[in-house]
Each structure stands twice: as structure tokens, then as C-alpha cells.
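Report on the following structure.
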Amino acid sequence: MVVRCWREDPCTVLHVVGDLDVAGAPRLRAELEQALAAADPLNVVVDLTEVPFCDSVGLGVLVATLNHVQHMNGRMILVLAPGMIRHLLTITNLDRHFETSGSLSEARAALSDAAA
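Adding 10 to a residue's 1-based position in the sequence shown gives its number in the working numbering.
Structure (C-alpha cells):
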């Protein structure tokens, strides 16, 4: 798994490539913790468009991060392509809790509109 992280006002973006599974989840967790510690405001976009697979461990990282961000009055948007991750959120009813977007630009626009 490869995780790239950068600041792109009004948010911190993490672009993930590879499987979000028991092997890759610790890497994403570490990158998210570092990004959240530096984020101001706490607006995070996690681009999962190049993640073909996510298991329960990966899903747990996303849920824990969402809970942390919401507790800190922040916002987290997942960028999803059609496919496995979107389907996983739907069948677990987590699509009701996660804010999602079809593209990075759409997610950034949603955060910019909220900041205005």
C-alpha cells in the first residue's frame, strides 16, 4: 500500500493506492494519525479510488478515524470509485455515516462551500 498525504486548502488529502487490509491498514492508520495531528481545520479527504479491496481491519481504521474527526468537530470525506468499497459501505449501512464523493475536486468543493 502507498499513501500520499498533502495539504490542499481547505483540507488535508490522503491518496491511498493498494489493498486496505490487515497488511496495509497499519500504514494508513499511521498516516491518518499524523495528518490529523497537523490538520487545521480538521477537514480530511481520503481518496480511495485506487483501493480495490478493503477488509474489516481497513474498515475499522476508517470508522475509528471518522469517529475521531467528528469528535473534534471536523469533517471527513471519502472519495470513492464505483465498486467494492462503495458496495462495502452500503451493505454495512456505513454509507449513512460516511460522507462520500465521486472525485477529489468534488470533495474539496464541498469543504470550500462549507467554509465560506
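For glycine and all other residues, C-beta sits at the position ideal for the given N, C-alpha and C.
Note that the structure is predicted; figures quoted are calculated from it, not measured.
From the DSSP output, in three-state form, read off residue i for me.
{"i": "S111", "result": "strand"}
Rounded to a whole number of angstroms, what is the C-alpha to C-alpha distance between residue i and residue j?
{"i": "L58", "j": "L72", "result": "11 Å"}
{"i": "D31", "j": "D123", "result": "33 Å"}
{"i": "C64", "j": "N77", "result": "18 Å"}
{"i": "A91", "j": "E60", "result": "8 Å"}
{"i": "P36", "j": "L98", "result": "20 Å"}
{"i": "V23", "j": "V56", "result": "6 Å"}
{"i": "D29", "j": "F108", "result": "19 Å"}
{"i": "L38", "j": "V26", "result": "8 Å"}
Taking all protein chains shown into account, do 16 or more other C-beta atoms lie within 10 angstroms of the C-beta of residue i, making it buried, or fewer, making it exposed?
{"i": "N53", "result": "buried"}
{"i": "R17", "result": "exposed"}
{"i": "I87", "result": "buried"}
Does the beta-carbon distance from residue i to residue j come in below 8 Å?
{"i": "E41", "j": "C15", "result": "yes"}
{"i": "C21", "j": "L121", "result": "yes"}
At 4 residues or longer, and completely inside the region 24 to 110: list those alpha helix (DSSP H) runs for me, N to C.
35 to 48, 66 to 81 and 94 to 101
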